[in-house]
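Okay, so the sequence shown: first residue is 623 according to my numbering, each after it adds one.
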Amino acid sequence: MGRTGELQRAAAVPPAPFVAVELDVVDVGAGGVSAGLVTAAGDGVFAAYDPRRSQATVELRRKGRWQRVARRRAALSPPFRFAFTLCENQVTGLADTGQGWRPLVTSRDRMAALIDLREPGTLAAHGYGYGPRRGGDGPVLAGVRAGSFGMVGVRDPHLVQHPDGSPYFRDGRLYLTMTCAGMGSFRQAHWGVFALDPADLTRLEHVAQLYAIRGGRVLGDHAGQLVVAADGRCTLVVSSWGDFDPGTGVHVRHLSTHSDLLAGVHLLATEPMALPTELSAWDPGLTRIDDRWYLSFAESPSQDPFEFRPGLAVADPGAGPDGPLRLVGTDSTVARCEGPILQRVQGEWCLLASDGKRREYRVYDLAMRLRGTLDAPYLTNIPHPQVVPLPDGSHLMVTFDGTPYGRPVLGYGSHGDLVILASRPPGAA
């Protein structure tokens, strides 16, 4: 591509404030290198590298004036890859010198005090951009790539299913939703849909990005489920983690649509769902059993410190998935138990949940009576027991662990390696 002498701006506008811009840097040049989101006037938000000071920075340009928001020492020798990411309002600069991407510098609160990229009008004024950090010779680039941010970890797997609880397959692939961990904590994550080939568990494809639009902002709500009916109508339940604040807590939201949410990028106008609890709630899951909709969820009396337990609600016979719902029960004997999954186990419907304190998967019946525990390895963090029945009688458990990414720079929240466990079919050796 040659040397870049001035700031470049693409016409494409990101659909949500979850963005990545990657540069293949052959030579830095005296002007350094920057990547970010740029307005037509040349303003915007950037991650940059200054070779003269050996610094990685997060910067804001407003009315032609630069403002350094964060900086950290970094020594980069070309060739290397450099990246800007935006997750919610958190801007991070990263580099790959041959051992994979590592975060160099990040800023959320200071950047959010200056600009709110969750506002659709503000975000729409920005296109993907790159170029020199300041005046002078710009970088020599071998390539540029930009688009929606993916993930640095996955959590909260939940099957996309038919109303009766059976897994949803398309073209032989199993579909599930997962939280896509971002460069930060709850607000920096978003929701994605994935397709998994049961015949080759190494083949996992990220097929859709799901964002929420509410309160005049685009947010990364996540941790929920999709249920697809025979006529294609999709019922969605999700947790309001996208603007999490311990003072206001978390609630469950829902939506019904004929849009195909299993492909592409979607901004979803969800509505609050009335649950039979006055406490915070998350991790919703829906299944129709004997003409009644059951909703599993995690109920939380406190988010500072966190305390949570599994709960189950049920609608009247013939009522819709949004109820009205009555409470079946919760398990008040546990304090760090979440990830409830409705699943048939040995022919009986059960609610499975993950107890991070006892380090076990608890099994309840549909009256919320404890019946035992699931015989499966318990990993780090609080892995959800998403059991997947396969046609041959065997089962998978799609879950995650607590493997962190970039914690010295990013702190808590950017964790979650995908883990898939498998059982043998009945009678197999």
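Even for Gly, the Cβ is constructed at its ideal location relative to N, Cα and C.
- The three-state reading of DSSP puts residue 993 in strand, counting E and B together.
- If you compare the alpha carbons of 671, 700, 660 and 705 with that of residue 684, the shortest gap goes to 660.
- Taking a 10 Å sphere around the C-beta of residue 962, we find 16 or more other C-beta atoms and assign the residue as buried.
- In the DSSP annotation of this structure, the continuous segment of the alpha helix (DSSP H) that includes residue 743 starts and ends at 742-746.
- For residue 997, the closest C-alpha among the options 1014, 968, 1025 and 991 is that of 968.
- Under the three-state reduction of DSSP output, residue 889 falls in the strand class.
- The alpha-carbon separation between residue 808 and residue 902 amounts to approximately 15 Å.
- For residue 721 and residue 785, the gap between their C-alpha atoms comes out near 45 Å.
- Fewer than three beta-carbon pairs drawn from the stretch 783-802 and the stretch 711-719 are found closer than 8 Å, and the two stretches are therefore not classed as touching.
- Per DSSP, the continuous beta strand (DSSP E) segment holding residue 858 begins and ends at 856-861.
- Going by DSSP, residue 646 is part of the beta strand (DSSP E) stretching over 640-649.
- In terms of CA proximity to residue 724, 696 leads the group 744, 696, 740 and 732.
- Taking a contact as a CB-CB distance under 8 Å, the pair residue 883 and residue 893 does not count as one, their CB atoms being some 16 Å apart.
- Judged by DSSP secondary structure, residue 1032 falls within the alpha helix (DSSP H) whose first and last residues are 1029-1032.
- Bridge pairing for residue 958: 930 [DSSP].
- A distance of 8 Å or more separates the beta carbons of residue 778 and residue 868.
- Where residue 731 is concerned, there is no enclosing beta strand (DSSP E), although the alpha helix (DSSP H) around it starts and stops at 731-736.
- If you draw a straight line from the Cα of residue 800 to the Cα of residue 915, it is about 22 Å long.
- The stretch 810-825 makes no contact with the stretch 755-767: fewer than 3 CB pairs, one atom from each, lie closer than 8 Å.
- The residue among 979, 988 and 959 with its C-alpha nearest the C-alpha of residue 970 is 988.
- Here residue 810 carries a helix assignment [DSSP, helix/strand/coil].
- Under the Cβ criterion (8 Å, minimum of three pairs), the stretch 1034-1043 counts as touching the stretch 761-775.
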